[in-house]
Ligand SMILES: [Zn+2]
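Numbering (UniProt numbering), first residue to last: 1 to 130.
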């Protein structure tokens with residue numbers, strides 16, 4: 001699956017996350033000190049953070065229909081839906097919704113992955129159920 005947008009370049013901090021995305025696997029950070037789960041952008045907690053496989057499921061917290069391309073590479077993609085998804089483990093993740101259907105708060109979402117020709121693979125959301 002590919003979706004439009006500018007290529008994503010992983011850096012040292014995000015390389016494990018995007019390498020896992022290339023394998024269709026969602027990683028989150030978990031604190032070895034308190035066991036709390038964190039989204040990929042978190043850098044600190046009370047103990048060391050480790051990358052751990054997540055279930056790849058969640059629910060819509062909120063969503064928006066994007067009408068204006070936020071980057072020229074999205075020009076052919078608008079309008080598209082973007083959502084904040086509360087993952088089963090607790091962290092929130094912002095993803096584009098790729099499937100048809102009308103999202104609502106609480107709608108179940110399954111995380112899949114886009115594998116663009118250029119740049120890193122990344123997670124996207126698919127609405128599940130009615
Ligand atoms: Zn902690």
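Note that the Cβ used here is the ideal one computed from N, Cα and C, for glycine as well.
A Cβ-Cβ distance of about 11 Å is found for the pair residue 126 and residue 114, leaving them out of contact under the 8 Å criterion. Within the UniProt domain "ChsH2 C-terminal OB-fold" (51 to 113), the complete beta strand (DSSP E) segments of 3 residues or longer fall at 57 to 66, 80 to 87 and 92 to 97, listed in chain order. Distance from the CA of residue 56 to the CA of residue 50, rounded to the nearest whole angstrom, comes to 17 Å. Nearest neighbour of residue 106 by Cα position, chosen from 31, 100 and 59, turns out to be 59.
Contact between residue 20 and residue 29 does not hold, since their C-beta atoms are separated by about 12 Å, which reaches or exceeds 8 Å.
With a 10 Å radius around the Cβ and a threshold of 16 neighbouring Cβ atoms, residue 85 comes out buried.
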